[in-house]
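In my numbering, the protein residues as written are 50 to 542.
All C-beta atoms, glycine included, are put in the ideal place defined by N, C-alpha and C.
No experiment lies behind these values; they were computed from the predicted model shown.
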Ligand SMILES: [Zn+2]
């Protein structure tokens with residue numbers, strides 16, 4: 050009975066977030082705890098376990114999991130602790146392991162190690178030896194490196210953005226692994242594309258990026274193909290191998306893998322200009338919003354905690370105040386000091402606070418006189434998935450026509466949960482600030498008149514040229530002018 054080890058290590062970072070993340074950002078599980086964590090959740094690990102269970106021959110052995118919300122670069126000593134925990138857990142089970150399923154995100158980055166996933170996979174290969182298959186699942190925002198390719202047998206990739214196919218990706222990874230155990234010979238071809246993309250055309254259900262994904266899905270129907278996908282990387286993870294890339298994995302058919310990976314890369318390159326965001330200057334957005342009778346959304350993707358930003362930008366609040374926006378405004382902000390001061394002042398307390406820039410100094414402090422309307426403990430379920438969030442002390446602060454939800458920690462702002470947690474309905478407001486590049490349509494878009502993608506500053510700005518990439522390969526579209534594309538098929542087997 051083949052024994053498949055199960056492990057996980059996931060974090061996505063923005064290199065432009067000035068606050069390093071640490072070991073205590075991670076939830077770490079060993080053995081059966083890893084199964085318990087994934088129980089009842091639609092995750093990759095859960096999807097993989099369900100697929101393995103369908104084959105009565107397979108025995109699964111959960112060994113180690115570490116996962117964190119998106120954040121700033123991981124402190125080197127924290128990564129080394131995680132890597133050492135992973136290696137020890139693997140060593141304890143290596144002697145009778147037939148395969149490893151390793152669930153990764155792919156967009157980790159450390160203060161020193163620029164290829165953390167590659168490091169972990171090299172460790173796994175060292176411990177397991179050359180013949181034990183290592184199969185991965187990866188986010189399409191991952192950065193697939195040469196070291197990862199050399200130290201793994203194959204991988205399945207997300208096919209949706211916004212992501213809704215976590216469990217399905219785990220299932221596809223598990224099925225690929227089982228084919229390898231039955232004798233398939235994974236032959237990976239990847240073609241790197243020197244382009245970073247962002248914006249609404251990445252929404253796979255409606256945008257042009259979806260055409261790349263549907264082509265990959267069609268390839269996966271071919272019995273000769275083990276997996277295919279189009280990785281776009283996380284443009285905020287500024288590491289040497291950041292780029293977009295097509296990948297096709299066949300069962301011992303290098304020519305087929307090469308032809309299809311080259312085709313996908315070429316088609317993606319042709320569409321690169323379409324996959325750039327349309328952004329509105331803050332002043333212009335406020336001026337237009339002032340004239341609109343319906344509700345308006347200001348998307349502040351530059352401060353998206355789910356992409357690795359701090360969540361403490363006051364840039365849109367400042368723009369709305371400067372532009373004399375007259376309607377009722379609802380805005381979230383990460384500001385531990387303001388939340389604590391509100392708790393000290395108590396309900397209905399009046400205080401002068403400095404809002405914003407608590408973590409990222411690019412946001413100049415904004416002085417406001419506020420009334421404390423609500424206080425909270427920051428424990429609430431995420432509207433999207435029901436998973437628990439811990440935002441630390443929270444407070445609802447009122448200043449003239451502004452209702453500000455202040456939280457102590459950079460939790461995910463991918464839905465309405467920070468508002469719902471305080472009994473606030475975004476539909477009661479004329480303008481809502483949303484700190485996420487894209488949300489499911491019914492959260493905000495379905496009932497608002499217009500959603501402005503505002504060009505605010507921040508560590509996850511879609512205006513990629515403003516970020517100051519220093520590490521990734523150049524030239525890179527759209528960071529540089531006149532970027533050429535010389536397609537080169539790389540085969541790994
Ligand atoms: Zn992603």
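Only residues of its own chain outside the window of five on either side were considered, and among them 209, 210, 259, 262 have a CB closer than 6 angstroms to the CB of residue 253, listed in chain order. Cβ-Cβ distances below 6 angstroms link residue 125 to 159, 160, 161 in the same chain, with the five nearest sequence neighbours on each side left out; the list follows chain order. Residue 288 and residue 239 have their C-alpha atoms roughly 18 angstroms apart. In this structure, the alpha-carbon of residue 360 lies about 45 angstroms from that of residue 272. Close CB contacts of residue 108 within its chain, under the 8 angstroms cut and outside five residues either way in sequence, are with 50, 51, 52, 53 (chain order).
Comparing alpha-carbon positions, the option among 468, 414, 513 lying closest to residue 425 turns out to be 468. Non-local C-beta neighbours of residue 523 in its own chain, meaning closer than 8 angstroms and more than five positions away in sequence, comprise 529, ordered along the chain.
In this structure, residue 346 places its C-beta atom within 8 angstroms of the C-beta atom of residue 483.
Nearest to residue 62 by C-alpha distance, out of 143, 218, 459, is 459. Distances taken from the Cβ of residue 190 to the heavy atoms of ligand 1 include one shorter than 7 angstroms. In this structure, DSSP gives residue 119 a state outside helix and strand, which the three-state scheme calls coil. Close CB contacts of residue 216 within its chain, under the 8 angstroms cut and outside five residues either way in sequence, are with 91, 92, 93, 95, 96, 99 (chain order).
Residue side-chain check: residue 212 places its Cβ nearer than 7 angstroms to a non-hydrogen atom of ligand 1. A buried status is given to residue 497, since no fewer than 16 other beta-carbon atoms sit within 10 Å of its beta-carbon. For the options 506, 475, 511, the alpha carbon positioned closest to that of residue 494 is the one of 475. Ranked by how close their Cα comes to the Cα of residue 170, the residues 179, 197, 192, 144 have 197 in first place. The count of Cβ pairs closer than 8 angstroms, one atom from the stretch 505–513 and one from the stretch 349–356, reaches three, so the stretches are in contact.
Considered as a whole, the stretch 403–471 harbours 466–469 as its complete alpha helix (DSSP H) runs of no fewer than 4 residues, in chain order. Under the three-pair Cβ rule at 8 angstroms, the stretch 213–228 counts as touching the stretch 181–195.
In terms of Cα proximity to residue 520, the closest of 88, 420, 65 is 65. Counting only unbroken stretches of 4 or more residues, the alpha helix (DSSP H) elements lying wholly within the stretch 95–177 are 125–142, 165–177, in sequence order. Nearest C-alpha to residue 152 among 115, 163, 129, 131: 115.
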